[in-house]
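In the working numbering, the protein residues as written are 567 to 978. First up is the structure itself, then whatever we jot down about it.
Given below as structure tokens:
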């Protein structure tokens, strides 16, 4: 009985000790977890090193080609059309002073003959009055007493005869002017746009016989915003205007003109090909457009209808794109579009690979590049690869294979 009681006491104790030993063994043999600080991944960026450049900027515009002169051909006398220019058809060309329309001159020849007869009669009457005036003067000197009156000296009659002679001479001049107007000649080298008459037709003063325009010079009005004007060397005031005598290479156009206006390259698609013409800005118009606020510069193209170097003629009413030669600007930094965010900020990397955020003064934002005048220094390294969350003074790694210099641009 005593032995059973001892087993009841000892057995639980043994089991307890065995459990404690097993628990200790499990704790001792389990794998240990080593806690390590997380590694910070330093971002890798691509950079360019910027250098200031001298750039010849260009300004883009567009316009419609128009002739320098375009007028209606209108007669000043009436009569029947007896002759037309051989090319008096729509699209026909003619030279300056060419006879375009001839009116039957016989009525005006008769008027000249009548005026000449009137002059002869007026001269006869004047000679008679002069003779009578001399006779009256001699008679008064022989018989008269005191001062003679003007009527006695036939001075009114003499003045009337002289006035009639002048009137007859004026009538002859007018008759000859009307006779000269029977020939309608071209005031310039040009082309006929529309024709409204035919041979044998009777016309009256004021009738529109045709529409003609000049072909020696074509003009294109190019709208320019006030922002674009700062990139162009255009005379806008009296102090910058040059007289036409200083510009022999340019035509004498109305408005402001100067010796060498900016060059303009005109392009358009014509006959399935991109065609190019070269011209120059010759003047600016006097004021800004009321509705759009733009200033129009006028470009001229010399001899637009000459076909040379496989270039077609620059036809009137053709729509063209214009690239205008701008100023040469020094100290301009050229950046790719990827280097700047929407807030006009760039990321700079210093010598210690620290990142700095800098806001720039953008000179011009173009589709493929950004031009900066202020805010950068020679040798600055600009990040061109995007960082999701750039932070001031964060450390970065520079990709040594990235482009090392800023894009080069044409400089003149």
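The C-beta atom is built at its ideal place from N, Cα and C for all residues, glycine as well. Since the model is a prediction, treat every value here as computed from it, not as a measurement.
Counting the other CB atoms within 10 Å of its CB gives residue 651 a total of 16 or more, which places it among the buried residues.
Under the three-pair Cβ rule at 8 Å, the region 914-930 does not count as touching the region 883-894. In the structure shown, residue 692 adopts helical secondary structure according to DSSP, grouped into three states. Between residue 847 and residue 649, the alpha-carbon positions lie close to 41 Å from each other.
Using a 10 angstroms sphere on the CB of residue 838, the tally of other CB atoms stays under 16, which defines it as exposed.
The shortest CA-to-CA distance from residue 891 to any of 912, 626, 609 is the one to 626. For the 7 Å CB-CB criterion, residue 641 and residue 771 form a contact.
Burial is judged here by how many other beta carbons sit within 10 angstroms of a residue's own beta carbon; residue 953 has fewer than 16 and is exposed. In the three-state reduction of the DSSP assignment, residue 607 falls in the coil class. The distance from the Cβ of residue 947 to that of residue 628 is about 39 Å, inconsistent with a contact at the 8 Å cut-off. Burial state of residue 655 is exposed, judged by a 10 Å Cβ sphere holding fewer than 16 other Cβ atoms. With contacts defined by Cβ atoms closer than 7 Å, residue 789 and residue 864 do not form a contacting pair. Assignment of residue 909 by DSSP, reduced to helix, strand and coil, places it in the coil class. Scanning 611, 617, 624, 610 for the CA closest to the CA of residue 893 turns up 624.
Take residue 773, set aside five residues on each side of it, and the residues of its chain with a beta-carbon closer than 7 Å to its own are 640, 641, in chain order.
From the listed residues 934, 955, 950, 924, the smallest Cα separation to residue 940 is found for 924.
Membership of residue 761 in the beta strand (DSSP E) is indicated by the continuous run 756-761. When rounded, the separation of the alpha-carbon atoms in residue 898 and residue 934 is 16 Å. DSSP, read as helix, strand or coil, puts residue 586 in helix.
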